[in-house]
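Protein chains in written order, with this note's numbering: chain A, 1 to 358; chain B, 359 to 679; chain C, 680 to 1014.
What follows is a single structure, written as structure tokens, with notes after it.
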Amino acid sequence: MTTFDVNKTPKKYALSLQMDLSKFEKATDEEKKQQDVMSESTTFFKDGMRKLFKNPLAVASIIVLAFIIATIVVAPHIVPYSYEEILSVEGKRDKGAKNLRPFEYSKAEQAYIEKGNFRFPHIFGTDEQCRDYFIRVIYGTRVSLVVGFFASLIVLLIGIIYGSISGYAGGKVDLIMMRIVDIIYSLPDMLVIILLSVVLSNVLQFKPDSFLAGMGSNMISLFIVFGLLYWVGMARLIRAQILSIKENEYILAARSIGAKPGHIIRKHIIPNCLSVIIISTALQIPSAIFTESYLSFVGLGVQAPMPSLGSLANSARGGLQSYPYKLVFPALMICLIVLSLNLLGDGLRDAFDPKLNK
Amino acid sequence: MSDNSNVILEVQNLKKYFPVKSGFKKLTLKAVDGVSFTINRGETLGLVGESGCGKTTVGRTLLQLYKPTDGKVIFEGQEVTDKNINEMRKKMQMVFQDPYSSLNPRMTVEDIIGEPLDVHKLYSNRSERREKILSLMELVGLNAEHATRYAHEFSGGQRQRIGIARALAVRPDFIVCDEPVSALDVSIQAQIINMFEELQAKLGLSYLFIAHDLLVVQHISKRIAVMYLGKLVEIGDADEVCNSPIHPYSISLLSAVPIPDPKLERSRQRIVLEGDVPSPLAMPEGCPFRTRCKYATEKCDKEMPPLTDRGNGHFAACHNK
Amino acid sequence: MKEILLRVDDLHTTFKTDKGEVQAVNGLSFDLHAGEILGIVGESGSGKSVTAYSIMQILADNGSVKSGKVLYKGQNILEYSADEMRKFRGKCCSIIFQDPMTSLNPVFTIGNQLKEAIKLHTDKKGKELHARAIEMLELVGINEPERRLKQYPFELSGGMRQRVMIAMALACEPDVLIADEPTTALDVTIQAQILEEIQKLQKKMGMAVILVTHDLGVIANMCDDIIVMYGGKVCERGTADEIFYNSKHEYTKGLLKSIPNTTNMNQKLEPIAGTPINLLNLPKGCSFCTRCKNAMKICLTEPPEELFINDNHIASCWMNVKEALEEMSENPEVQ
């Protein structure tokens, strides 16, 4: 510890101090400006996005997802085949184009090419009904993603509304609403879906060739079931989040200002739930896709000839020994989508969850 | 009591009980059990007591943030009820303790301070709103350029200023300050305390200043009230209560306050309390302090002592002192 | 002069955060003598708790001691292995924390936890262990110790829990007790009881106590010697009387003027301007310069040297040098 007797101050200090005394006042103004600079203004959102992009897994997932989406948008324009089109060469049905390997051509097609024409390659080969497999996988992915997205949207909307009313109201209302949730949780979803699809296929008569007919009554029943059963997880999550937000003093402050409950829910509670909502949606979509794939696999999904990743996997079971690739492609696609969405969801949670922040 | 025309707030026998479930039993937590006091216009009443005494509950029940179980709150001669509470909210406001959780992290400073204006529709167009917000910010010493920033970018002291600006937005006459400086650094506390005093002088505000730091309360308050387990045990002029307390609890409380003055500390006599604090769930009859009071008699067991005038507006609730 | 038990020499502790390196302690030096009560007072960001944690080597994962020495009876404990450090903690030096609620494990009984503390550093078993646990509880003023040993932390009040913490800390009769804001979470009357208890125990067991707090009232009551910290450095060190009645650092002076006291009850408080220090971006010179109303140019560029004010008082403030020089120029004969 350095100490020295103040009375023995060396001369150099005296000199430098003499300068200081005269320039006293100026120093204070400068100091104030220097230190009053606040750090760059960031919103919660910007801060979270910055963290998200630092996470390599999350960035990789975003890239993979972007690539998949780009492919399913662009591919149908490039690939000349349609998902239900039975391959034909020069107008005649090509019976030899059954179960072709990837990039293999049938005899008729080879003859066609030798004549000097271009035949778009079958990137994934063909299936047992002489349809190009690649475009079927692409359409299957489309269906899965669309179904996953819309199903999650239904879950999101119902879950948020139900959860926020239950969480904010509290007391008896909350009690009853949560007991209803408990009951719904205990219902066997598979059973309900099967029953519903059986009932609906009899009751609903679609116009042939309409979009709904293309989807099939099974799909409708899937959406209905999601709306009936699968929102409960989200509702519980939102309710829990609201219960914890309610404890914050700014809610009490809003009440003391005279804000009505609607105003408080809209302006204070929901915005603070946003990160939870985004994260659970990101994790909900793969779950919905998985459910849809599973249902299609057991035959309760989209109607043929519309492909879905699950139904493709199902029909691939038959020729597993001889044509393993037919199972690999749709399964791989499911894995990629589900994995990237899960990793993205995890990344979002790490970036936006305020509890993990200091 | 004091001159009636000067009284801005009168609390009569305020009670707030919370039902508590303990297994199959239904117990009642008597957080506030019959508290009465008045506050004069432009004056600060300090409310002190330790944790569990009910002082925060008094503040919140006053503002009808909790519904009172019993008792009346009379503001400027009018009783505060469910019907006129919206009007009353423009006259009675609150500043909260925790500068970190009392501001919505997703709102900008402008929106936080502007929210009361929005709720009560106190402006005719956006530029008027902006003007009002900026003048409030200036009043509490915040830079106008900080209006678009978010609450989490500020320090504790600055956040508390935002909270105060929010409370002032509706131009209230009375503010309940619930431990407003307890969560701040010592060197910042002085800035905020001074600001409270300046605003009081400038705007003619009246305060109920709730805190546990007796030195701070003594500094800012004209009168002080001491609470113990839901009851008011002493009330009077600030200096008198602190220098010559009457109630045994006040005496021991004051002797326990550490004073930043070594010579004074060395010469002080600390009065240590023996005995246990009774559970607020099962409050006994009579004076709540009697389990720890060395002057307790049989009368104290049976009868809750009333607040009696000891001269000079100094009231104490004790049978024996 | 009493034996120097603990010597901290030019301690630098930093924390790695994603916003940069936070310099929590910046060149801290002090001595602790046997049997004395040393108070370390400072606000949030002053580095007082980090100092305590650095001594006990219980910093968070992202914190590390960058340089400096902590000498306990001549040996640098920063160079201890993990094993040696474990032996040091509890036996030579113990710490009690601020929040008794979270410092005790809620799923174990008091007796369990207390006996664990005793077992770690002694060979006691069975009846002897039990007897020692009872002895410790009685020592800290807990009545009905037999019954208390079987209770869980939630069954005890805050003051009781803090007493149990003290009992656990003293179970192995350490030479140094570090108390990190031990009464901040407690009511005023309980605080008075706990502080009194610490004083009694200190007299009885003769250990040295480092009391870390932000409350100047507590410091005035308890401590023989006081260190005032700001921005990770020592501003001033001296006896209680010297610090309170003869403060020689602008921060201490400012602090004393800004708190409500019996002397300024009816006057306006004089706050310290500005906001607390940003530890990511320390000024080049004195860490207090930006808030100091008497700051001089030299304060901005050069950190002040520690000077003796008198035998009991050290301060690092350029104002003292200025005053001494002014005095010298007025009285040139006095050298």
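Just so you know, even glycine gets a beta-carbon here, dropped at the ideal spot from N, CA and C.
Do residue i and residue j have their C-beta atoms within less than 8 Å of each other?
i                : j                : result
Pro307 (chain A) : Tyr139 (chain A) : yes
Met662 (chain B) : Cys411 (chain B) : no
Val701 (chain C) : His691 (chain C) : no
Asp859 (chain C) : Ile774 (chain C) : yes
Ile245 (chain A) : Gly163 (chain A) : no
What residue range does the beta strand (DSSP E) around residue i cover?
i                : result
Arg668 (chain B) : Element bounds for Arg668 (chain B): n/a, residue is neither H nor E.
Asp710 (chain C) : Gly699 to His712
Cys772 (chain C) : Cys772 to Ile775
Arg581 (chain B) : Arg581 to Tyr586
Cys914 (chain C) : Lys912 to Thr918
Val749 (chain C) : Gly742 to Tyr751
Is there a Cβ from chain B that is less than 8 Å from the Cβ of residue i?
i                : result
Ile719 (chain C) : no
Asn401 (chain A) : Limits of chain A in this structure are 1 at one end and 358 at the other, which puts residue 401 (chain A) out of reach.
Gly896 (chain C) : yes
Val855 (chain C) : no
Pro955 (chain C) : yes
Tyr139 (chain A) : no
Val867 (chain C) : yes
Pro307 (chain A) : no
Lys33 (chain A)  : Its pLDDT being 49, under 50, Lys33 (chain A) is placed unreliably in this model, and the value from its coordinates should be taken loosely. By this cut-off, Lys33 (chain A) is not an interface position.
Ala70 (chain A)  : no
Leu948 (chain C) : yes
Ile821 (chain C) : no
His122 (chain A) : no
Asn999 (chain C) : no
Glu981 (chain C) : no
How about residue i: is its C-beta nearer than 8 Å to some C-beta of chain A?
i                : result
Leu405 (chain B) : no
Leu367 (chain B) : no
Gln451 (chain B) : yes
Leu557 (chain B) : no
Would you give the residue range spanned by the alpha helix (DSSP H) that residue i belongs to?
i                : result
Asn398 (chain B) : It is not in any alpha helix (DSSP H) - Asn398 (chain B) instead sits in the beta strand (DSSP E) that spans Lys383 to Asn398.
His928 (chain C) : First-last for His928 (chain C): undefined, no H or E at that position.
Tyr607 (chain B) : Pro606 to Ala614
Quick check on residue i: does DSSP put it in helix, strand or coil?
i                : result
His268 (chain A) : helix
Asn371 (chain B) : strand
Asp903 (chain C) : coil
Lys32 (chain A)  : Note that Lys32 (chain A) scores 47 on pLDDT, short of 50, meaning its location in the model is unreliable and no value can be drawn from it.
Gly718 (chain C) : strand
Asp597 (chain B) : helix
Trp997 (chain C) : helix
Ile470 (chain B) : helix
Lys660 (chain B) : helix
Thr788 (chain C) : coil
Phe967 (chain C) : coil
Tyr653 (chain B) : coil
Leu856 (chain C) : strand
Lys679 (chain B) : coil
Does the beta carbon of residue i come closer than 8 Å to any beta carbon on chain C?
i                : result
Val615 (chain B) : yes
Ile551 (chain B) : yes
Gly515 (chain B) : yes
Arg628 (chain B) : yes
Met359 (chain B) : Confidence is the limiting factor: at Met359 (chain B) the pLDDT is only 44, short of 50, which leaves the residue's position unreliable and the question unanswerable from this model.
Can you list the residues of chain B that residue i reaches, using a CB-CB cut of under 9 Å?
i                : result
Phe923 (chain C) : Pro618, Asp619, Pro620 and Lys621
Asp920 (chain C) : Pro620 and Lys621
Met944 (chain C) : Leu573, Gln576, His577, Ala596, Asp597 and Cys600
Ile789 (chain C) : Those do not exist, as Ile789 (chain C) stays about 17 Å from chain B at its closest Cβ, beyond 9 Å.
Show which residues of chain A have a CB atom less than 8 Å away from the CB atom of residue i.
i                : result
Asp456 (chain B) : Glu249
Glu473 (chain B) : Ala254, Ile257, Ala259 and Lys267
Could you tell me which chain B residues have their CB closer than 7 Å to the CB of residue i, listed as they occur along the chain?
i                : result
Gly258 (chain A) : Asn444, Arg447, Val477 and His478
Gln736 (chain C) : Simply none; closest approach about 27 Å.
Taking C-beta pairs closer than 8 Å, name the residues in chain B that residue i reaches, listed in chain order.
i                : result
Asn940 (chain C) : Leu573, Ile617, Pro618 and Asp619
Gln878 (chain C) : Correct list: empty, because the minimum Cβ distance to chain B is about 11 Å.
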